[in-house]
Structures are given as structure tokens and as C-alpha cells.
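Trainee: What follows is a single structure, and I will ask about it in a moment.
Number of protein chains: 4
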Amino acid sequence: MTLRITVFGENRHEKVDERVQELYPEGMHTTIAGALTSTLGALGEDVDVRVALLDDIEESLSEEVLANTDVLTWWGHMAHQDVPDEVAERVVRHVREGMGFLPLHSAHYSKPFRLLMGTTCNLLWRNDNDEERVWTVSGSHPIARGVPHPIVIPGQEMYGEMFDIPAPDEQVFISSFSGGEVFRSGCCFYRGKGRIFYFSPGDQEYPVYHQAEIQRVLANAALWARPQEDRERAAVKIANAPRDWFREGARTAEGEEITRVI
Amino acid sequence: MTLRITVFGENRHEKVDERVQELYPEGMHTTIAGALTSTLGALGEDVDVRVALLDDIEESLSEEVLANTDVLTWWGHMAHQDVPDEVAERVVRHVREGMGFLPLHSAHYSKPFRLLMGTTCNLLWRNDNDEERVWTVSGSHPIARGVPHPIVIPGQEMYGEMFDIPAPDEQVFISSFSGGEVFRSGCCFYRGKGRIFYFSPGDQEYPVYHQAEIQRVLANAALWARPQEDRERAAVKIANAPRDWFREGARTAEGEEITRVI
Amino acid sequence: MTLRITVFGENRHEKVDERVQELYPEGMHTTIAGALTSTLGALGEDVDVRVALLDDIEESLSEEVLANTDVLTWWGHMAHQDVPDEVAERVVRHVREGMGFLPLHSAHYSKPFRLLMGTTCNLLWRNDNDEERVWTVSGSHPIARGVPHPIVIPGQEMYGEMFDIPAPDEQVFISSFSGGEVFRSGCCFYRGKGRIFYFSPGDQEYPVYHQAEIQRVLANAALWARPQEDRERAAVKIANAPRDWFREGARTAEGEEITRVI
Amino acid sequence: MTLRITVFGENRHEKVDERVQELYPEGMHTTIAGALTSTLGALGEDVDVRVALLDDIEESLSEEVLANTDVLTWWGHMAHQDVPDEVAERVVRHVREGMGFLPLHSAHYSKPFRLLMGTTCNLLWRNDNDEERVWTVSGSHPIARGVPHPIVIPGQEMYGEMFDIPAPDEQVFISSFSGGEVFRSGCCFYRGKGRIFYFSPGDQEYPVYHQAEIQRVLANAALWARPQEDRERAAVKIANAPRDWFREGARTAEGEEITRVI
């Protein structure tokens, strides 16, 4: 079964910031999309990776695109407010219905992630070329498969605790920075029928997405977050369930057939 | 320290529904407020319980009221949409800043609870006089203190799984119904600096809030959810934190003194 | 990659109890092994299922057998004490090193499960032909894949809360019984590098393991619990880690090469 | 209600190690006991702190002592094996029955903690005067009350991930070390009716327990872990529960009155 990934890129720093142009001459989204294609390919997966940009977000993240996306990655930073509310809500709805979602780095402050978390997602930060070390704290997690302990990122923006998120359903990675801070850098959340993996490495001013170990984490996460092909893409149901509905053929009190609850 | 509780009541069924008028002649909010006052009083607590109604929600849940509320209980059902978005967001903000929040029964579908959860909060339901048995599944949880195992509620609306919420941070109670369904009926969530306890018993057509064991759960939950008096009521902070900020007196990169992070 | 499963059966009720002989003429272990073989085969998996019995447990669960087992299922009831302590500890060690473990029904009281949980694993029970309904409470869990909501088991022994286990890392199923009790019937635990799924349906006096939906759960659980083929089968490491060990080639203070931490 | 604390100290390094004698001339246990007495006293608590040493552990941690202990702190390092198995099992039993338990630093490898966790409790370590910074990651946790973010410990032994424990029920603190490692340094676990808080700062060669902020954490933890006075000190019950036992007066199938389940 082909794994269909959509890589959303804000693509704004790339237009105005020389350092970013130098690191990512074709845009961060191109590097991320290429990394997913090659890493998953090397793992034997059949993948179809497309790119969606903010400039035409109504089309690039349309209802049809999302309905045909298994896993959506999201990178945004300076233009969170330019994402229309209805697109953010569309993404959230698709996550609840089963689409995997991988918010990256500064996407901690993106509209869809904040709506899904219900918290401020505040944190401490410092852009000062800290070394980051990404430590695994879950002994058997598939997202940590095949990566060293720790992953060392030579230069990175610092993200520090207290990170105002719900306690993750699974904590995969915790990072330290040369300045002394710590951060819950790899966090799994289950919401509705969707799976979310937040991964904090990846500031635009550092070549993080060129690092093979980071690419492997993204590939692992896409595999982990993909929906089950035989589970209907639809929200967990609300229904008026008459007594014994589950014995005698499921029908709601309104007579509608209950073909699916979860 | 006085525990300041605000009991929010929708007070709409009470105006139009004879059965509810019979069970709660002074409104469900009056029964809940009285139960909290007497049960917490009997436990030796100093409490100040006020009531807030939907009809004047802008004043009854004003910024000033919420700033002086330790724990907010919320009952609503037929008029969730009449709660203004800005009031719902104000409640959510106060929870994140430390206010306790106790959504009751059909408040699973209230605006503040859904914003805090990030999920649909869908479920199955049936209003058919089911017996509900509320079982404790956490051996030392303070919210289960002093209540029987199980609490038997002779008649109740059924709420059934799959309940589309994030996995609770602490599962206190699980209910079964005479029709066979189960429900995670007592759920703790930590969000920001606030504590949330969702408790599902309490449909308007049954005398659930008159039951002493249910009143004890509400009292226990108010004690559990109260904020710590020496913790500032403010959100977890976002700040640009210069290197060594935590050593040399905390100042942000903008020179603002960091007096508080959490 | 072949999934290597060992099905441990106590095989004592089968020798003395006519009802069990009638339901499982070749032993419960044979039914379970057959169900795993056929269900996983139908799902396209390459499996190798062997049986291990209490009568020759030193050989059937030898170090060599366990080292070549990806997932161990365990059914025991009347003879938990006949499992030698060293075999129980061997199983526990292999789980910590990455082997999947599926304790079934009364294996809640088996030596390996209790050692892994650290709690009493006490519960309430009643053998009185209760109907059990197994409800899914996790919208995207692979172990709930392809099974109805709820699974209805016409007759079963009742297991009821309070079940004295650590809070499960993932709650997949919750059951109700016709007598009114509830039970956390499908529970995932991560311990060391191993994955554990406890599943409570399956008393010897009822034909539970002949039910296709139960067989599907067992197959799903085996897939979920299997170790990653590229992760070394060994415990998480304890080591004296000199400063910068992770930069300059990992060596312990004793000079031993650190080839693996997790 | 007086909070009755027993401070267990191994008291072996104090006999042979000059550095430890210099830092803790009356033994580490004396410093810890004094800190708890004074800090809890300053918080307005009525406390009774006694000391128990390894040399007479059969008496100092007798059945009677434990039955009259609300919270037991445990420091041990070089003599874990000298703790008799039956004493370790006695401690574990009391925790399951409701006693609070605070294993400190190298008590991660003590017999009672390992029995309660079910895992190896392995970790990385280095005794090289690392600076440790203890960060709060739970916005409203009572154990983090009144302490700075971070607590800076000038010199400490490094404990590093992967720490082979079950995922904590509540993560309160995460530490970083000047060498770059991270560690889940403050972890809450619920087991049976007891509460466990593991806190890693406190090596014998550094004056950690003289630091006021560390003393505050210990005091907070003792308050958090204390059992509820109206909850019976006994394990969660196993019982044969006849149909309708919870309606008609609880009796087991053997006719014994069920006066307590949890």
C-alpha cells in the first residue's frame, strides 16, 4: 500500500533570508520531501510524497488533498497567522478522522497543533547556535529505530521547558542543549483516530534537515503515524444508541443504520 | 484559605421542562452549589460558593469573577451555542493559568471543554433510565476518597464509549450501564497550570445531584482541582531566554525581567 | 521476516476437567496456536508457532527457545506455583530485552506478569456465565483493528475492578459484564525493550478462544508486540559513561567499548 | 494529623569514606531527617520523623515500624545486597497497602524499588562533578511547589538516560548535566494504594541534601505521598464476588463479609 505524504512548507523565510536560501536553496519543504522519499524508499516502502505551500494553501491543502493524504508534515514559523482558520480546522478534522500529523519545530505554534493540544504551547527559546543532543527514553519505540543515542545536532535553536503541552501519550525523545536547558523534543499524541508526532529539531537557520539521523526520525514517524487502511476515515461517532443496539443490528433512535462507531 | 467556587448553570431546562422543575425546583445549580457548600463544610473546609448563570454570563463569568475563582463547575446541555466564544476562551485561559475546572455530564460538549481537549468529545448516549455503576480504578486517588465501590445510580442517561477524548492523565472512575455499555466517567486532565476533572453522572431528568455519594465526588474534585495559593495565576511563559539567563538573574533578550517561567 | 511465536499452556485443567476437555479436546494451547497460525496467515504474515507446556517447562521455555521467540503467549491458572522461579525470571529477562509477551486471562496471576507489574494483580471474579462486552476505547490502536465494537462474548467468567495493576501505558479495551462489573480487559505496557499486552477474555470453561473476534485480537496483539528486527535483544545498558563518551567513540570507564546503550 | 516519616539510611559510606564524613558528619540520614522536620515544620505541618539504619534493619524497619509509617524515604548505594529479601518484600507490601515511598538517588537500584518497577532500573552514570539543572515539566504539580526553575546543583554525579523504568505516571522534573546527558530526575508512580516519588539528586560525595531547594522538594514529596487517613491500610482485595454482591451487602462466595474492596 502506497504511503501518501503531504509536506506542508510555509516557504517564507526562503524568500527573504539569505542564510535559509543558502541552506535550503530549493526550500525547506523540498529537502524534507526528498528526505522522506529517499529514506522510506531505502526502508523498502512505497511512497508518494507531494508538497503543499502556504501561497496556495486553499488548493494545496484542499479537502481533496487531505482526504488523499495519509500523513501530513507541517513546517511554519513567521506566517502562522496567514493560515486561514478554515484550513487549520480542516487539518484538525482530518487528524481526528485518522490522518497522521507531524508538526515540526516551530509548528509547535501553528494553528492546527494548538487546536489539537488545547494548551498555549509556550516554551523558552534562544537562537544562539546551541548544540542539541536528542536522547531516546523509550526502549522499544518504532520512531527511535535505527538512530544513535544520542543524536548530536551541532547547531540548533534552543527550545526549553516548560513546554506547555498536555503530557505526551508517549515520550520518545528528550533533548539537552549546550546552554543547559532540556526539552521534550519527541512527543506522541493520540487524538481521535489520528496520531501526532511533534519533533522539535529543525530551525531554518541550521542544516538540521540535511542530517541523515534526523531524516530517519522523520521516516520512522511517518510510518508510525500512517492510518490503518481498513479503518474508515471518519470521526469517532456520536449517536443515540437504543437499548441492545449492538445485538440486533445497529440503528440509531432515528432509524439510521450504525455502520461504524469507531 | 477559603476555597472559592463558581457553579455555572445553564438554567434552561429548568424553565421549560416539568420533570426538571420537579427534581430541581430551584435549579440544578442551586442543588450543586448547596451540595458543595455542605459537603466541603462537613469536611472542615472554608468555602465560598457562588452561582453563575447563562442569562447574564458576560457578568457572571466576567474576567473579575474568574480571576477570583479557584474552581469552576460547569453544567450545560441544550444551549452550548449560546455561550459566547469570548467567554469560552476566557474560561480556557483561566484554566491554563491555574483555575480548576469541573465539567459535568453534558458539559462534555461545552465550548470550553472541547477547546481544552482538542477532540470531538463524541460519545454514544441513550436516555432510557439505565442503572449506572461507577467503579473506582485508581487505588489512592483523592477524588475517590470516601465513596463506595461502586456508586450505584438507580436511573441515569447512558453515556457510552467510544468517548473521543485524549487518554486521561488519571482515570479515576469507569461506569457500566444496565444496557451493557461502559464509559470513562471520571477523568483527570492537566492542562497548563490548571486541573480538569470531567465527571459524567448528572442528567437533568434524574435526581443524581441529590445523591450524597455524587456530592462527595464533587467535593473531593473541588479540593483536588484547587490551585496552589503560592503559584502565580498566569500562563506558562514564552520567552527569548539568553544564554545563562537562569544563572545571572533572569532577563529576556528584550531586557524584561523573568520573574516567573512556570 | 518470520514471526516466531511460542504459545505457553499450563495444560492441567485439560487433564482433569471434563468441561475443558469437551471445549478444547486437544488442549487450549492447541486452539490458541492454531488460531494464531490461521489468523496471521490470513493477514499475510509469515508465522512459525510452537507450543510449550508446563510439564517440560525447563526445555520448552529454555534459554534457547526464548532467545528464538519473538512473542510469547501465556495461559495458566491452577498451577502458577509449579512454574519454577528461574523460568519466570528467564521470561521476565527476555521481555526486558525485547521479547513480546501476551499474558491471557488468569495469567494476571502468573509469576512473570506479577514480576513485571510490581503490584498484587488482585481483582474480583465470579464464574457464573456472565455475558462480557469488550469495548474499544482507543480510536486508532492496532490491537483493535478489524474487531466489532463491542465484541460480545456470550458466556465468560467475570473479572472485575479494582484490578491492581499499574495504570496501563495504553488502554485498548474495557469490558462490562451482565452482573454490572467493569474491567480493564485489554492493557498495553512497555517494560524495558519489551511490549506486554494483557487480555482478560478466555476462561477455560467457556469456548472463548474459538471465537473469531478473539482470535483476531490475539493476532493483532502478536503483531503489535513483536520486536524490531534491527534492535539488539539485550537489556537497556548500565554503564559508567566518561565525559564526552558519545562524541569520541563510546567506551566505559573500564575501557569497554559501548556498542549499544538502548 | 501528624505525618509520620521514617528515613532509611544505609550508613555505610559514612563509616569508610572521608569525603562523606566531612559532608555529613552525623550521617546522610540525619541531614535528611532534619531537613524534613524543619522544612515541613516551616510549612505548618505536624511531623514525626524517625531514622532507620541498615545495621538493625530487622528492627528499624519491622512490621510494626512500617505499619506506623506514612512515608518512607530510602537512601542506599553500596550495600543494596545486605537488605534482607524479606525486609524488601515487607516494604513493597506496605507500599501496595498505602504507605508513601521516596527512593532517593542510588535507591534506583535498591531491592524495593526494583521490585515495584518490574524493570532493570539500569542507567548511565559518571562521578565527575557535573552541574545538574533540575527543570519542572508539570505546570501544577505539588512536588514542584515553591522551587525555582531550574534548581541548579553545582556538583553532582551524572545519571543519564536511557533510565530503564516504566513510563512515570507523572513526570515532574527532567535534569540536564554539564556533560550533556539528560535524566528523568523526578518521577511519580502509583502502585496499589501507594504513591512513589523517585528523586535522583543526592550523591554521597556532594552536599546536595544541604541545599534548601532540594529539601523543599523532599518536603513536598512527603506531603504528596502521604496516605489518606480514612483509607484502610490494606492491599486492593481479591475476592470471589457473587452476583449482586454490591447490592445486597457484600459477601464473598465463602460467606465472608466484604467490608472493603479498595
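Sequences listed follow chains X, F, U and C, in order. Remember, the working numbering sits 26 above the position in the first sequence when you count from 1. Remember, the working numbering sits 26 above the position in the second sequence when you count from 1. Remember, the working numbering sits 26 above the position in the third sequence when you count from 1. Remember, the working numbering sits 26 above the position in the fourth sequence when you count from 1. C-beta atoms are modelled at their ideal positions from N, C-alpha and C, and glycine is treated no differently.
1. Name, in chain order, the residues that DSSP records as bridge partners for residue 213 of chain F.
2. Considering only C-alpha positions, which residue in the set C:141, C:158, C:75, C:55 is nearest to residue 205 of chain X?
3. In this structure, does DSSP put residue 139 of chain X in helix, strand or coil?
4. Taking a contact to mean a Cβ-Cβ separation below 8 Å, would you say residue 232 of chain X touches residue 181 of chain X in this structure?
5. So, helix, strand or coil for residue 146 of chain X, using DSSP?
6. State yes or no: is the beta carbon of residue 268 of chain X nearer than 8 Å to at least one beta carbon in chain F?
7. Contact between the segment 117 to 135 of chain X and the segment 219 to 233 of chain X: three or more CB pairs below 8 Å?
8. Ordered along the chain, which non-local residues of its own chain (more than five positions away) have a Cβ less than 6 Å from that of residue 28 of chain C?
9. So, does the CB of residue 55 of chain F fall closer than 8 Å to a CB anywhere in chain C?
10. If we count the other Cβ atoms within 10 Å of its Cβ and call it buried at 16 or more, is residue 76 of chain X buried or exposed?
11. Determine the burial state of residue 138 of chain X: buried for a count of at least 16 other Cβ atoms within 10 Å of its Cβ, exposed for fewer.
12. Beta-carbon of residue 27 of chain C versus every beta-carbon of chain U: anything under 8 Å?
13. Do residue 242 of chain U and residue 172 of chain U have their CB atoms nearer than 8 Å?
14. Write down the C-beta distance between residue 193 of chain X and residue 195 of chain F rounded to the nearest angstrom, noting that I regard them as a contact closer than 8 Å.
15. With burial defined as no fewer than 16 other Cβ atoms inside 10 Å of the residue's Cβ, what is the status of residue 253 of chain C: buried or exposed?
16. Taking a Cβ distance cut-off of 8 Å, strictly less, list which residues of the segment 231 to 265 of chain C are near chain U, in chain order.
17. Which same chain residues end up closer than 7 Å to residue 246 of chain C when comparing Cβ atoms and leaving out the 5 residues on each side of it in sequence?
18. Taking only runs that begin and end inside the segment 233 to 260 of chain X, name each unbroken alpha helix (DSSP H) of 4 or more residues, in chain order.
19. Going by the beta-carbon positions, is the gap between residue 183 of chain F and residue 102 of chain F smaller than 8 Å?
20. Can you pull out the residues from the segment 122 to 138 of chain U whose beta carbon lies closer than 9 Å to at least one beta carbon of chain X?
21. Tell me the rounded alpha-carbon separation between residue 131 of chain U and residue 229 of chain U.
22. Provide the residue(s) that pair with residue 266 of chain F in DSSP beta bridges, ordered along the chain.
23. Report the option in F:213, F:32, F:56 whose CA atom is closest to the CA atom of residue 40 of chain F.
24. In chain order, what residues of the same chain lie with their CB nearer than 7 Å to the CB of residue 250 of chain C, ignoring the 5 residues before and after it?
25. Could you check which residue in X:165, X:141, X:203, X:51 has the C-alpha nearest to that of residue 260 of chain U?
26. Going by the beta-carbon positions, is the gap between residue 207 of chain X and residue 141 of chain X smaller than 8 Å?
27. Determine whether the beta carbon atoms of residue 211 of chain X and residue 160 of chain X lie at a separation below 8 Å.
28. List, in chain order, every chain C residue whose beta-carbon is nearer than 7 Å to that of residue 221 of chain F.
29. Spell out the partners DSSP gives residue 185 of chain C in its beta bridges.
30. Short check: CB of residue 78 of chain C to CB of residue 91 of chain C, under 8 Å?
31. To the nearest angstrom, how far is the alpha carbon of residue 143 of chain U from that of residue 264 of chain C?
32. Can you tell which of F:163, F:234, F:110 has the C-alpha that lies nearest to the C-alpha of residue 155 of chain F?
33. Around the Cβ of residue 148 of chain X, are there at least 16 other Cβ atoms within 10 angstroms (buried) or fewer (exposed)?
34. Going along chain X, which residues have a C-beta under 7 Å from residue 172 of chain F?
35. I'd like the list of long-range same chain contacts for residue 255 of chain F, defined as Cβ closer than 8 Å, with 5 residues on each side in sequence excluded.
36. Listed from N- to C-terminal order along the chain, which residues in the segment 205 to 220 of chain U have their beta-carbon within a distance smaller than 8 Å of any beta-carbon of chain F?
Mentor: Based on what the coordinates show:
1. F:197, F:224
2. C:158
3. helix
4. yes
5. coil
6. yes
7. yes
8. 72, 74
9. no
10. It is exposed - the Cβ of residue 76 of chain X has fewer than 16 other Cβ atoms within 10 Å.
11. With 16 or more neighbouring CB atoms inside 10 Å of its own CB, residue 138 of chain X falls in the buried class.
12. no
13. Closer than 8 Å, so yes.
14. 6 Å
15. So residue 253 of chain C counts as buried.
16. 261, 262, 263, 264, 265
17. Result list for residue 246 of chain C: 168, 169, 171, in chain order.
18. Taken in chain order, the whole alpha helix (DSSP H) runs of length 4 or more contained in the segment 233 to 260 of chain X are 238 to 251.
19. No, the Cβ-Cβ distance between residue 183 of chain F and residue 102 of chain F is not below 8 Å.
20. 122, 124
21. 6 Å
22. X:151
23. F:56
24. 168, 169, 221, 223
25. X:165
26. no
27. yes
28. 166
29. C:151
30. At a Cβ-Cβ threshold of 8 Å, residue 78 of chain C and residue 91 of chain C count as neighbours.
31. 16 Å
32. Looking at the Cα atoms, F:234 is the closest of the given residues.
33. buried
34. None at all; the shortest Cβ gap to chain X is about 27 Å.
35. 27
36. 206, 207, 208, 210
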